[in-house]
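Heads up: the structure comes next, in structure tokens.
Residue numbers (the working numbering): 18 to 420.
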């Protein structure tokens with residue numbers, strides 16, 4: 018197994034870190050990559066009043082998740098859990114013991130590479146790992162890199178690879194912290210990392226969570242879910258806005274409902290139940306057993322109490338999973354947008370997409386029936402609210418002589 022070790026303060030991790038990690042994985046053929054936040058960097062002091070080590074680890078994990086390589090890219094607390102300064106030689110010894118037989122590769126930027134011989138125990142470093150140095154330009158890969166690589170090889174027997182990054186995000190973490198403190202610099206961050214910064218109030222970013230513009234609301238919501246879910250949420254927002262405009266609902270409310278509808282999707286059962294208890298959500302017997310039914314309820318409460326969403330938005334989120342009798346227009350729109358957004362692919366989805374713009378109630382009925390059929394086929398219990406939603410809509414249609 019080839020294991021890449023990408024160390025740094027990650028204060029904060031930005032798009033440059035993610036791009037370099039992506040490129041290194043492909044260039045070296047790595048099987049796994051670890052972002053390793055330093056607890057106490059030997060070469061510099063961490064800024065005062067900055068994020069805690071746990072917060073930097075959380076941001077590094079989000080950056081790893083953004084790479085969309087589950088099981089391959091992740092963050093490691095190996096240096097945070099070790100007292101004292103975070104020396105690379107100690108980290109490599111520990112990882113060598115934890116991953117016996119693995120081929121280790123230490124990833125680093127230009128400045129680090131050119132001073133590597135001055136690090137503590139360079140002999141240990143080169144005996145345990147190869148070195149992959151990122152060059153910002155092809156010129157960096159020229160004489161200076163070649164001379165350093167030759168020197169390290171002759172003196173320490175080092176294995177060195179130098180790679181020129183195809184896309185450079187030209188910003189330092191120091192500069193980025195300054196920009197963030199002035200309300201700038203968001204373009205250098207993965208949106209989900211920026212969302213974590215907003216929610217945690219880091220780097221002087223102190224925004225009122227109940228009055229966030231849609232861009233910042235998206236970032237916060239994305240930071241609460243796995244990166245693989247973001248495409249679905251984006252598609253749901255796109256579809257909800259389109260349906261709202263078609264049927265005369267408020268497009269901004271539709272957008273905000275869609276942005277937040279899955280914000281608690283990845284909480285475990287115990288976390289879901291804690292939120293239900295906190296916000297006074299009464300659960301039936303099926304909901305107490307089925308964690309997939311809870312995120313709509315807890316998500317609605319987080320939308321209201323954390324992000325200041327109004328009753329109409331919260332109700333749409335609350336019922337987007339099961340539906341209910343007496344659904345309002347925005348409830349139906351979010352239910353259908355979630356069901357048929359452009360990334361969905363299942364038998365009958367094209368029929369639903371067409372129907373949703375011709376007869377919204379008929380589309381919701383069809384969506385309920387599809388869910389009922391799927392649950393029956395899997396031998397799972399159908400929630401009573403889904404049955405009630407279908408039956409109520411069908412009775413409404415009969416009462417208005419609908420064909």
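Here a beta-carbon is modelled for each residue, glycine too, at the ideal position from N, C-alpha and C.
Residues bridged to residue i [DSSP beta-bridge criterion]
| i | result |
| --- | --- |
| residue 178 | 149 |
| residue 122 | 21 and 147 |
| residue 91 | 51 |
Anticipated Cβ contact below 8 Å, residue i with residue j, distance rounded
| i | j | result |
| --- | --- | --- |
| residue 278 | residue 360 | Going by Cβ atoms, the distance from residue 278 to residue 360 rounds to 14 Å, so no, they are not a contact pair. |
| residue 147 | residue 178 | 7 Å |
| residue 339 | residue 408 | Not confirmed; about 13 Å, so no contact. |
| residue 142 | residue 106 | 5 Å |
| residue 97 | residue 74 | 6 Å |
| residue 373 | residue 330 | In fact, because the Cβ distance is near 20 Å, the residues do not count as touching under 8 Å. |
| residue 70 | residue 56 | 6 Å |
| residue 355 | residue 253 | 5 Å |
| residue 386 | residue 392 | Between residue 392 and residue 386 the Cβ distance is about 11 Å, and since that is not below 8 Å, they are no contact. |
Coarse secondary structure for residue i, derived from DSSP in three states
| i | result |
| --- | --- |
| residue 102 | coil |
| residue 332 | helix |
| residue 183 | coil |
| residue 57 | coil |
| residue 408 | helix |
| residue 136 | coil |
| residue 73 | helix |
| residue 320 | helix |
| residue 374 | coil |
| residue 189 | coil |
| residue 352 | helix |
| residue 402 | helix |
| residue 288 | helix |
| residue 280 | coil |
| residue 162 | helix |
| residue 339 | coil |
| residue 208 | helix |
| residue 31 | coil |
| residue 96 | coil |
| residue 357 | helix |
| residue 62 | coil |
| residue 267 | coil |
| residue 395 | coil |
| residue 129 | helix |
| residue 194 | helix |
Residue i, buried or exposed, once every other Cβ within 10 Å from all chains shown has been counted against 16
| i | result |
| --- | --- |
| residue 47 | buried |
| residue 299 | exposed |
| residue 301 | exposed |
| residue 327 | exposed |
| residue 364 | exposed |
| residue 209 | buried |
| residue 304 | buried |
| residue 62 | exposed |
| residue 289 | buried |
| residue 353 | buried |
| residue 54 | buried |
| residue 37 | buried |
| residue 28 | buried |
| residue 216 | buried |
| residue 12 | Missing from the structure shown is residue 12; the chain here goes from 18 to 420 and no further. |
| residue 211 | buried |
| residue 420 | A caution first: residue 420 carries a pLDDT of 43, below 50, which makes its placement in the model unreliable, though a value can still be read off. Counting Cβ neighbours within 10 Å, residue 420 comes out exposed, since fewer than 16 surround it. |
| residue 114 | exposed |
| residue 321 | buried |
| residue 446 | Absent from the structure is residue 446, since the part of the chain shown begins at 18 and ends at 420. |
| residue 240 | buried |
| residue 227 | exposed |
| residue 238 | buried |
| residue 9 | Residue 9 lies beyond the stretch modelled for the chain, which goes from 18 to 420, so this question has no answer here. |
| residue 348 | buried |
Any chain C beta carbon closer than 9 Å to residue i
| i | result |
| --- | --- |
| residue 140 | Looking at the structure shown, chain C is missing, and only one protein chain is on hand. |
Subject >> Secondary structure, alpha helix (DSSP H): runs of 4+ residues fully inside the region 212-265 >> reply: Within the region 212-265, the complete alpha helix (DSSP H) runs of at least 4 residues are 231-240 and 244-264.
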